[in-house]
Structure formats: structure tokens, C-alpha cells
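Asks:
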Amino acid sequence: MAGAFKGCQKIRGPQLRNLLEAKDFILLDCDGVLWHGEKAVTGAATVVNSLIRNGKNVVFVTNNCTRPREKYVHKFSRLGFTDVRLEQIFSSSYCSALYLRDVVKISGQVFVMGCEALRSELQEAGVPCVEDAEDPDATIYNCPLAPDVKAVLVGHDDKMTFLKLAKASCYLKDPDCLFLATDIDPWHPLSGGRILPGSGSLTAALEVSSGRKATVIGKPSRFMFECISSQFEGVDPAKCLMIGDRLETDMLFGANCRLDTMLTLTGVSQTKDAEEYRDSELTTNHSFVPDYIVDSIADFLPAFEEQDEQTN
47 MAGAFKGCQK IRGPQLRNLL EAKDFILLDC DGVLWHGEKA VTGAATVVNS LIRNGKNVVF
107 VTNNCTRPRE KYVHKFSRLG FTDVRLEQIF SSSYCSALYL RDVVKISGQV FVMGCEALRS
167 ELQEAGVPCV EDAEDPDATI YNCPLAPDVK AVLVGHDDKM TFLKLAKASC YLKDPDCLFL
227 ATDIDPWHPL SGGRILPGSG SLTAALEVSS GRKATVIGKP SRFMFECISS QFEGVDPAKC
287 LMIGDRLETD MLFGANCRLD TMLTLTGVSQ TKDAEEYRDS ELTTNHSFVP DYIVDSIADF
347 LPAFEEQDEQ TN
């Protein structure tokens with residue numbers, strides 16, 4: 047089914063049940079699909095728990111790098127997702143740690159322009175990070191630079207400073223120093239119509255100052271899917287469904303990995319955004335178009351109710 051251009055098909059009822067029956071792996075984004083902050087999307091916990099209990103391989107793929115996987119398990123449990131296990135969670139911070147440890151086999155230190163959760167995920171994987179307590183009076187003119195920095199990793203950083211940006215730019219003057227980004231999400235919605243700049247905005251600043259392009263680990267990069275394939279047996283893209291709320295990351299991720307895609311309307315992107323991409327004359331924009339659209343993950347509930355009735 048993946049690769050056939052369907053485009054924005056609103057799906058529910060028997061069609062949705064048939065789609066679920068055809069899939070072995072369900073990949074789910076978290077923010078905007080399963081919850082908003084500390085409030086679960088209505089019906090989301092019931093759907094996820096039912097998918098797992100009905101034998102589906104449910105995997106969570108999130109670009110949010112602000113908490114380690116252990117804390118994600120606690121959040122799932124706190125919000126009623128009682129059947130979620132650690133090994134089902136693939137965050138951009140966790141996948142960044144795997145990339146540094148297993149793919150490039152980093153031999154030196156990593157300078158992290160990101161939050162403490164990102165650093166802790168790297169340390170859990172045994173990836174050495176630069177210990178960098180900033181002196182409030184230090185400037186790029188007189189601060190020490192760490193030796194043996196072999197990679198700069200950019201993620202969400204709510205304590206971003208000009209000095210961090212300057213140091214990272216200096217490390218990247220070495221062409222052998224890797225330049226990685228957890229993700230390129232530009233912003234995240236907050237309540238009251240406000241927004242929070244995302245990792246992509248910090249990555250863009252460093253790309254300009256260094257004159258280099260970052261290798262992106264999280265969605266829409268294929269690497270997150272490669273991580274899943276390496277840790278689960280029998281992952282067939284044709285048997286996978288990617289469900290998310292953002293066209294430029296979740297849907298593009300699915301397209302890059304040849305997965306069927308589904309947009310939920312409880313997050314960032316809406317139907318009109320998808321239709322604009324679908325109707326665009328630029329064929330490259332078609333990669334942002336979801337195969338299917340549902341109002342909410344809760345649209346799955348009738349499929350499980352019908353299944354329960356048939357088994358009783």
C-alpha cells in the first residue's frame with residue numbers, strides 16, 4: 047500500500063478496522079497524538095492499551111528529547127497507558143545515543159547543545175559528554191575549549207546561551223567533528239496561542255554560524271525506523287502504519303520509510319494543510335500528504351468494541 051498516492055482519505059468504521067487488521071506494527075507519535083502536556087487525548091490510553099492487548103507491536107517515535115525513556119514510561123503510566131514498556135519507546139535522544147555509540151562508534155567527547163535529559167541518555171549509553179559548567183563571566187574570547195571533541199549534538203535547550211553557540215561553532219571548525227541534530231522541529235505549540243522554539247531553530251542558528259549542515263537523527267530521518275528494525279524482528283514497512291500530527295515530520299518520516307501514514311487532527315497540522323500539499327504542483331510536496339486522516343486516535347475505539355462483541 048505504501049507508495050500508492052491516496053492522499054487525505056478520511057477513514058473510520060469498517061475501513062479503519064480493516065486497515066488495523068492489515069498492520070503488524072503501529073508507530074505512534076506522542077505529543078499532539080496521545081497527549082497535550084499532562085492531559086491525555088480522550089480515548090488515547092484505551093486505544094493504545096487495546097492495540098497492545100490485541101497483539102499489535104506498538105512503538106512510540108517522538109522527536110521530544112526533553113526526557114529520558116525511563117521518565118517517558120512514568121508519564122505513560124501516569125496518564126493511563128498501563129501496558130507500555132521501555133523497549134517500545136524510541137525518542138530522538140535515545141536514537142542519537144545509539145547513532146553515536148553503534149553507528150559512528152564515537153571515539154572522543156560529544157559537546158551537547160541541549161537539555162540535561164539529552165545528556166543523561168548519552169551517558170546511559172556510555173557516550174562521553176563534555177562537562178561544561180559555564181562561568182557567568184566567561185566569553186568566547188577567554189573560555190577554555192574541551193579537547194578531543196568529536197561531535198556536536200544539538201537538541202532542545204531551554205538554557206541556550208550565546209556562549210554555547212559560539213563554542214559549538216568553534217568545535218565545528220574541525221571538519222572531522224560530526225554535526226548532529228536530534229530533530230529539526232521548528233516550534234511547539236503552547237497553551238494560549240504561544241509557541242516554544244524547537245530544536246530546529248537552534249540547529250538552524252548553528253548551521254549558519256558553522257557553514258555546515260547537520261545530520262538529523264529524529265523524524266523525518268530514516269534512522270529512527272532503522273533503530274526499530276534492529277530491535278524488533280519481522281519489521282516489514284508494508285505492515286507498518288505511522289500515526290502522527292505533523293505533516294513535515296511524521297508524514298514525511300512515513301514516506302521516507304515507505305510506511306502508510308495517518309494524520310490525527312488533535313495536534314499541529316490540519317486537513318487544509320494536507321490538502322494544500324496534495325494539490326501542490328511540486329511533487330516533492332506530496333511526501334507530506336497523509337494516506338489517511340482521522341479526527342482523533344479515539345476514532346479507533348469502535349473497531350475494538352466491534353471486535354469485543356464478535357468474541358463474546
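The opening residue of the sequence shown carries number 47 in the working numbering; numbering runs sequentially from there.
All C-beta atoms in this analysis are idealised placements derived from N, C-alpha and C, irrespective of residue type, glycine included.
1. Quick check: what's the CA-CA separation for threonine 330 versus leucine 226?
2. What is the rounded straight-line gap between the Cα of alanine 214 and the Cα of glutamine 55?
3. So which of Cys303, Ala344 and Val195 has the shortest CA-CA distance to glycine 78?
4. Starting from glycine 290, trace the beta strand (DSSP E) in both directions and tell me its first and last residue.
5. Note the first and the last residue of the continuous alpha helix (DSSP H) segment covering valine 254.
6. Report the rounded CA-to-CA distance for asparagine 109 versus proline 182, giving the unit in angstroms.
7. Tell me, which residues are paired with glutamine 155 by DSSP?
8. Which stretch, first to last residue, makes up the beta strand (DSSP E) that contains histidine 234?
9. Considering Cα atoms alone, identify which of Val314, Asp178, Leu298 and Asp306 is closest to arginine 240.
10. Measure the alpha-carbon distance for arginine 131 versus valine 119 and round it to whole angstroms.
11. Within 10 angstroms of the Cβ of serine 245, are there 16 or more other Cβ atoms? Answer buried if so, exposed if not.
12. Taking leucine 359 as the reference, which of Phe278, Val340 and Trp233 has the closest Cα?
13. Which one of His82, Ala86 and Gly290 has the shortest CA to CA distance from leucine 305?
14. When the Cα of leucine 362 is compared with those of Glu167, Asp325 and Met308, which residue comes out closest?
15. Rounded to the nearest angstrom, what separates aspartate 342 and cysteine 189 at their Cα positions?
16. Which of the three DSSP states, helix, strand or coil, is assigned to isoleucine 343?
17. Counting Cβ pairs closer than 8 Å, one from the segment 196 to 204 and one from the segment 147 to 166, do we hit at least three?
18. Between Asn103, Phe334, Asp204 and Ser138, which has its C-alpha nearest leucine 293's C-alpha?
19. CA-CA distance, cysteine 303 and aspartate 204?
20. Within 10 angstroms of the Cβ of serine 142, are there 16 or more other Cβ atoms? Answer buried if so, exposed if not.
21. Between the Cα of serine 237 and the Cα atoms of Asp70, Leu65, Ala68 and Lys85, which residue gives the shortest distance?
22. Taking the straight line between their C-alpha atoms, what separation do you get for leucine 347 and threonine 92?
23. Flag this pair as yes or no: are the beta carbons of isoleucine 57 and leucine 65 separated by less than 8 Å?
24. So what's tyrosine 359 in DSSP terms, helix, strand or just coil?
25. Measure from the alpha carbon of alanine 171 to the alpha carbon of each residue in Tyr140, Tyr187 and Met159, then state which is nearest.
26. Please classify alanine 50 as buried or exposed, where buried requires at least 16 other C-beta atoms within 10 Å of its C-beta.
27. Compute the Euclidean distance between the alpha carbons of phenylalanine 122 and threonine 88, then round it to the nearest angstrom.
28. Are the beta-carbon atoms belonging to glycine 257 and threonine 228 less than 8 Å from one another?
29. Mapping DSSP to helix, strand and coil, what is threonine 185?
30. Just verifying my parser: in three-state terms, what is the DSSP assignment at glutamine 61?
31. Could you tell me which whole beta strand (DSSP E) segments of length 3 or greater appear in the segment 71 to 150?
32. Please say whether methionine 288 and aspartate 296 have beta carbons closer to each other than 8 Å?
Replies: Taking the definition as stated:
1. Going from the Cα of threonine 330 to the Cα of leucine 226 covers about 24 Å.
2. Whole-angstrom Cα-Cα distance: 44 Å.
3. It is Ala344 whose Cα lies nearest to the Cα of glycine 78.
4. Glycine 290 -> beta strand (DSSP E) spans 286 to 290.
5. Run containing valine 254: 245 to 256, per the alpha helix (DSSP H) assignment.
6. For the pair asparagine 109 and proline 182, the Cα-to-Cα distance works out to about 31 Å.
7. Answer by DSSP bridge pairing, in chain order: Val195.
8. Per DSSP, histidine 234 belongs to the beta strand (DSSP E) from 233 to 235.
9. Nearest to arginine 240 by C-alpha distance, out of Val314, Asp178, Leu298 and Asp306, is Val314.
10. The alpha-carbon of arginine 131 is positioned some 7 Å away from that of valine 119.
11. Answer is buried; the Cβ neighbour count reaches 16.
12. The requested residue 359 does not occur in the structure, where the chain is confined to residues 47 to 358.
13. The closest CA to that of leucine 305, considering only His82, Ala86 and Gly290, is found on Gly290.
14. Coverage of the chain is limited to positions 47 through 358, which leaves residue 362 absent and any answer about it impossible.
15. For the record, residue 342 in the displayed sequence is serine; it is not aspartate. Serine 342 and cysteine 189: Cα-Cα distance of roughly 50 Å.
16. Assignment of isoleucine 343 by DSSP, reduced to helix, strand and coil, places it in the helix class.
17. Enough Cβ pairs lie closer than 8 Å, so yes.
18. Considering only alpha carbons, the answer is Phe334.
19. When rounded, the distance between both Cα atoms is 31 Å.
20. The residue is buried, with at least 16 neighbouring Cβ atoms inside 10 Å.
21. Each of Asp70, Leu65, Ala68 and Lys85 was checked against the Cα of serine 237, and the nearest Cα belongs to Lys85.
22. Straight through space, the alpha carbons of threonine 92 and leucine 347 are spaced by roughly 8 Å.
23. Yes, Cβ-Cβ distance for isoleucine 57 and leucine 65 is below 8 Å.
24. Outside the displayed span of the chain (47 to 358) sits residue 359, for which this structure offers no information.
25. Nearest of Tyr140, Tyr187 and Met159 to alanine 171, Cα basis: Tyr140.
26. In this prediction, alanine 50 has a pLDDT of 43, which is less than 50 and means its spatial position is unreliable; what the coordinates show is noted afterwards. Exposed, since its Cβ has fewer than 16 Cβ neighbours within 10 Å.
27. Rounded to the nearest angstrom, the two C-alpha atoms are 14 Å apart.
28. For glycine 257 and threonine 228, no; Cβs fall outside 8 Å.
29. If DSSP states are grouped into helix, strand and coil, threonine 185 belongs with coil.
30. If DSSP states are grouped into helix, strand and coil, glutamine 61 belongs with the helices.
31. Uninterrupted beta strand (DSSP E) stretches at least 3 residues long and entirely within the segment 71 to 150 occur at 71 to 74, 103 to 108 and 135 to 137, given in chain order.
32. Their beta carbons are under 8 Å apart, which means aspartate 296 touches methionine 288 by this criterion.
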